[in-house]
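A.B. asks:
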Amino acid sequence: MRNRPFHELTRRQREGGPFIDQAPQARLWGLISLFLAFAAVIIWRLYDIQSADAPQYIAAWEQTSESLESLPARDGRILTSDGRVLAFDRPRFDLALHYRWLEEPPQTEWLDSQARLLLKPIERRDQHRLAKARETILHRRETLHVAIAQLAGVPLSTLRENFREVQARVERIHANVEGRLAKREATAAPESHAEPDTDWAEQAWNRLANALTTPPKRPHRGPLVITEQLEPHVVVTDLSLSAVTTIEASPARFPGVEIQRSSHRVYPAGTLAAHIVGARTEVSGEELSQLNELVTNTDFLEYAAGDRVGRNGIEQAYEDRLRGRRGIRRVVRDRRGQIVRTDVLRQPDDGQDVVLSFASGLQERAEALLDAALLPPQATETDDEPTGDADPTPAAAPPQGGCIVAIDVRDGRVITAAAAPRFDANLIVDHDPDAWNTTISDARQPFFPRVTQMTIPPGSVFKALTAIAMIESGLIDPDAPFACQGYLDEPDRNRCLVYRHYGVGHGDVKLGDALCRSCNVYFFDAARRMGPEAIHDWAAKFGLGRPTEVDLPGERGGQLPDPHGTSGPWYPGTTLQLAIGQASLAVTPLQVARMMAAVANDGYLVTPTLVRPEGGADRSSSRPVQLAAYEDRPRGRVVRRRIAGLSAGTLARVRAGLRMVVEDEHGTGKRVRTDRVSVAGKTGTAEVGGGKPDHAWFAGYVPAGEPRVAFVVVLEHGGSGGRVAGPVAHDFVEALLDAGIVRPDR
16 MRNRPFHELT RRQREGGPFI DQAPQARLWG LISLFLAFAA VIIWRLYDIQ
66 SADAPQYIAA WEQTSESLES LPARDGRILT SDGRVLAFDR PRFDLALHYR
116 WLEEPPQTEW LDSQARLLLK PIERRDQHRL AKARETILHR RETLHVAIAQ
166 LAGVPLSTLR ENFREVQARV ERIHANVEGR LAKREATAAP ESHAEPDTDW
216 AEQAWNRLAN ALTTPPKRPH RGPLVITEQL EPHVVVTDLS LSAVTTIEAS
266 PARFPGVEIQ RSSHRVYPAG TLAAHIVGAR TEVSGEELSQ LNELVTNTDF
316 LEYAAGDRVG RNGIEQAYED RLRGRRGIRR VVRDRRGQIV RTDVLRQPDD
366 GQDVVLSFAS GLQERAEALL DAALLPPQAT ETDDEPTGDA DPTPAAAPPQ
416 GGCIVAIDVR DGRVITAAAA PRFDANLIVD HDPDAWNTTI SDARQPFFPR
466 VTQMTIPPGS VFKALTAIAM IESGLIDPDA PFACQGYLDE PDRNRCLVYR
516 HYGVGHGDVK LGDALCRSCN VYFFDAARRM GPEAIHDWAA KFGLGRPTEV
566 DLPGERGGQL PDPHGTSGPW YPGTTLQLAI GQASLAVTPL QVARMMAAVA
616 NDGYLVTPTL VRPEGGADRS SSRPVQLAAY EDRPRGRVVR RRIAGLSAGT
666 LARVRAGLRM VVEDEHGTGK RVRTDRVSVA GKTGTAEVGG GKPDHAWFAG
716 YVPAGEPRVA FVVVLEHGGS GGRVAGPVAH DFVEALLDAG IVRPDR
């Protein structure tokens, strides 16, 4: 039956039976046509993607991101006039290690990912090979730690202690973020799907659409990863240049290591002129907005985190000149974060050097003189009046501090600005807790800038100015003798120092004699006759009671009592005390030096200047950027101006008396005398009260015949001006001669 030429179904169909697929070929062609139609659509879409849509996909694949990075710039140096560097930027290299390479124990996911990088794709399924690769990574990590310790020159235990500190900090940040996320999730309101304003059909449709389009929520979120876990952290600071070269020459040997470049402010001279130089430290977050408000010129770039700013001294006063302008670099990265291109948009602009007006040798010698003067004395003498050799008395407490200031009488250029005690400027930059606590707890206040901020009574030094007021008033004849009996009216007050010790007066004295012997009674009588107004007015004309406008921040103006002011009642005794530099009068050493310069240069009030004009020009027209605690100091100051109202010959008479102070055998300043050059000046013993020792002063100029340098020596709570400050002034004059600043008399 089966072995027939025709099938049974075919026979039945010929005999009129039921229809059985009379055209299978047509149906087959229909299926083929449908398949070809679908294939054509797919081919067309593939062609469309490859041709028309290709740029869209290529652009997404080649998408890059741009970021701007800062290029560090060097801050300018501070140098003395003889070329000694007092402050400079030293390049600094810090070693930063990726967090996963220091984490202990290492994260399992990171360790597995590093191990898989060592294997081929087909080998990554082999657990035995994967375990060996993990051991290789751990061994490489251990070798890396040992190599870093050797290059840095630190024990491995110390390096790992740094690792633990970094890890503890990162873990604290991670815990804080984790806690905030958990709190946010706990307080989040549950989502509501109720839609009371819609009918049941729309609600059903919305539920269906939401079910089809919204991905299912995870039962719990994945492990939290913070940015600090994906970044390098500094573990070694101030790496040597040879170590940096070794690391950068063998990057494969130091995986996860990054060298971070910066600069470090160094003060190689230590304590030399520390109060004048100042210090630079990083800007804190609170200061950024305050400083950037002062940046008025677009060329003067805004401050950013990590920038440094001058805190005091020249570092602060010349911030706009010393500060380097950081450069800007554009970095282009691909979608994987790899750097594709870098473009420097702005080259870094290093800060300009600042050259100071004084030489390091003379400054060092002046500071050495002050250091010696602050040592406990062996013996002192009691009398400021040279009436004969006095018996030595037991040594008193050493002075609490002191300073020596010298300026050029012609233009105000500061020749010396020494103070003691001092501090090491590196202590502010490189904080040593023990050294810091020792310095800050010193009762002598080493951080206090005495040159510009120590305001104390000048004592008899002020008598030079009282003499000017006396002559200009026309009420007192400087050539007329005055009989000094040792006291003005009563023996127990308003006395001369010689009367206190010996019970005698100076006898008949003229103006020159009164300055020479520091006769209080002579000036008491003159002040009572002419009144306080003349003394006050001439003191103001000579710059007392206001800042000198020296190019240093934080200068104080002192206090000049005004008889018509509102500070308090004015008594007759106040006038007498003002005449001898007491009462509430308070001056700075720099003010007294400028006053003496005006006496020496025939009446020109100079402006003290610490920076030479050739030390560099300002790069911008913006005002100096300083912290709000200090007022701005104007540039382009008037170097000198004539004091109005001075009569011819007034200063000549005063200079003659000041010369007698040093050259006369009875002069209170005879200990300043030197055979090499003539010196003029005035001693001062300023009473303090409260059982404390007096302040010791000597203010003068040299040479006496052709003045070149005006200078001041002041020892805080030093005692007698003639016997304590005088020898220091003598040694300083010798230093001026040795330095060639002052020529010997011929």
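Counting from 16, one number per residue, gives the positions in the sequence shown under our numbering.
We put the beta carbon where it would ideally sit given N, CA and C, even for glycine.
Since this is a predicted model, take the numbers as computed values, not measurements.
Pull up the distance between the alpha-carbon of Asp141 and that of Gln122, whole angstroms please.
C.D. replies: 21 angstroms
A.B. asks: Whole-angstrom Cβ separation of Gly699 and Gly596, contact assumed at under 8 angstroms?
C.D. replies: 6 angstroms
A.B. asks: Along the chain, where does the alpha helix (DSSP H) containing Val169 start, and where does it finish?
C.D. replies: From DSSP, Val169 is part of no alpha helix (DSSP H); its letter is neither H nor E.
A.B. asks: Quick check on the DSSP output: what are the complete beta strand (DSSP E) runs of length 3 or more inside the segment 285-330, in order along the chain?
C.D. replies: Considered as a whole, the segment 285-330 harbours 294-297, 323-327 as its complete beta strand (DSSP E) runs of no fewer than 3 residues, in chain order.
A.B. asks: Which same chain residues end up closer than 6 angstroms to Thr313 when comparing Cβ atoms and leaving out the 5 residues on each side of it in sequence?
C.D. replies: Residue confidence for Thr313 is low, a pLDDT of 49 falling below 50, so the modelled location carries little weight; the figure read from the coordinates is stated next. Nothing listed; no residue qualifies.
A.B. asks: Excluding the 5 residues flanking Ala495 on each side, which residues of the same chain have their C-beta closer than 6 angstroms to its C-beta?
C.D. replies: none
A.B. asks: Which same chain residues, not among the five before or five after Arg105, have their C-beta less than 7 angstroms away from its C-beta?
C.D. replies: Excluding five sequence positions before and after Arg105, the CB atoms of its chain that fall closer than 7 angstroms to its own CB belong to Ser278, His279, Val281, given in chain order.
A.B. asks: For Trp712, report the span of its beta strand (DSSP E) as first-last.
C.D. replies: From DSSP, the beta strand (DSSP E) with Trp712 extends over 710-717.
A.B. asks: Assess, as a yes-or-no matter, whether the segment 410-423 is touched by the segment 571-591 under the definition of 3 or more beta carbon pairs within less than 8 angstroms.
C.D. replies: no
A.B. asks: Closer than 7 angstroms by C-beta to Thr689: which residues in its own chain qualify, once you throw out the five before and the five after it? Chain order, please.
C.D. replies: His745, Val748, Glu749
A.B. asks: Quick check: what's the CA-CA separation for Thr454 versus Phe438?
C.D. replies: 7 angstroms
A.B. asks: Is the segment 53-64 in contact with the segment 334-349, if contact means three or more CB pairs nearer than 8 angstroms?
C.D. replies: Touching, no.
A.B. asks: Does the distance from the CB of Pro472 to the CB of Leu390 come in under 7 angstroms?
C.D. replies: no
A.B. asks: Select from Gln182, Leu673, Arg107 the residue whose C-alpha is nearest the C-alpha of Glu764.
C.D. replies: Lying before the first or after the last residue shown, residue 764 is absent from the chain, which here runs from 16 to 761.
A.B. asks: Taking C-beta to C-beta, are Gly741 and Arg686 nearer than 7 angstroms?
C.D. replies: Going by C-beta atoms, Gly741 is nearer than 7 angstroms to Arg686.
A.B. asks: Would the segment 505-517 and the segment 566-576 be scored as touching if the rule is three or more Cβ pairs under 8 angstroms?
C.D. replies: These segments do not touch.
A.B. asks: For Leu559, which of Pro587, Leu605, Gly522 has the nearest alpha-carbon?
C.D. replies: Leu605
A.B. asks: Just the C-alpha distance for Leu377 and Val621, rounded to the nearest angstrom, thanks.
C.D. replies: 22 angstroms
A.B. asks: Say whether the segment 702-710 touches the segment 527-540, bearing in mind that this needs 3 or more beta-carbon pairs closer than 8 angstroms, one atom from each stretch.
C.D. replies: no
A.B. asks: Quick check on Lys766: does DSSP put it in helix, strand or coil?
C.D. replies: Nothing about residue 766 can be reported from this structure: the residues present for the chain run from 16 to 761 only.
A.B. asks: Touch check for the segment 519-530 and the segment 542-556: three-plus C-beta pairs under 8 angstroms?
C.D. replies: no
A.B. asks: Report all residues from its chain with a CB closer than 8 angstroms to the CB of Leu83; omit the five preceding and five following residues, and keep chain order.
C.D. replies: Ile343, Arg344, Arg345, Val346, Leu360
A.B. asks: Taking Cβ to Cβ, would you say Gln148 is nearer than 7 angstroms to Ala162?
C.D. replies: In the sequence under discussion, the amino acid at residue 148 is Ala, which differs from the Gln named in the question. Not a contact, by the Cβ cut-off of 7 angstroms.
A.B. asks: Ordered along the chain, which non-local residues of its own chain (more than five positions away) have a Cβ less than 8 angstroms from that of Glu379?
C.D. replies: Non-local C-beta neighbours of Glu379 in its own chain, meaning closer than 8 angstroms and more than five positions away in sequence, comprise Leu287, ordered along the chain.
A.B. asks: Compare the beta carbon distance of Ser304 and Asp97 with 7 angstroms and say whether it is the shorter of the two.
C.D. replies: Going by C-beta atoms, Ser304 is not nearer than 7 angstroms to Asp97.
A.B. asks: Alpha carbons only, please: which of Ala695, Ala435, Leu256 is nearest the one belonging to Val677?
C.D. replies: Nearest option by C-alpha distance: Ala695.
A.B. asks: In whole angstroms, give me the CA-to-CA distance for Ile188 and Ile329.
C.D. replies: 40 angstroms
A.B. asks: Excluding the five sequence neighbours on either side, which residues of its own chain have a C-beta within less than 6 angstroms of the C-beta of Leu567, listed in chain order?
C.D. replies: Cβ within range, chain order: Ala332, Thr467.
A.B. asks: Could you tell me whether the Cβ of Thr123 comes closer than 7 angstroms to any Cβ of chain B?
C.D. replies: Annotation note: the requested chain B is absent from the structure, which comprises a single protein chain.
A.B. asks: By Cβ distance below 7 angstroms, which residues in the same chain neighbour Phe103 in space, the five residues on each side in sequence not counted?
C.D. replies: Arg92, Val281
A.B. asks: Gly427 and Thr260: beta carbons closer than 7 angstroms?
C.D. replies: no
A.B. asks: Whose C-beta lies closer than 6 angstroms to the C-beta of Arg627 among residues of the same chain, with five residues either side of it excluded?
C.D. replies: Val370, Ser372
A.B. asks: Have a look at the DSSP bridge pairing and note the partners of Ala421.
C.D. replies: Thr431, Phe726
A.B. asks: Assuming Leu110 contacts Leu254 (C-beta within less than 8 angstroms), just tell me the rounded distance between them.
C.D. replies: That pair is a contact at about 5 angstroms.
A.B. asks: I'd like to know whether the C-beta atoms of Ala482 and Val669 end up nearer to each other than 7 angstroms.
C.D. replies: yes
A.B. asks: Within the continuous beta strand (DSSP E) that includes Leu575, where are the two ends?
C.D. replies: Leu575 -> no beta strand (DSSP E), and no H or E assigned at all.
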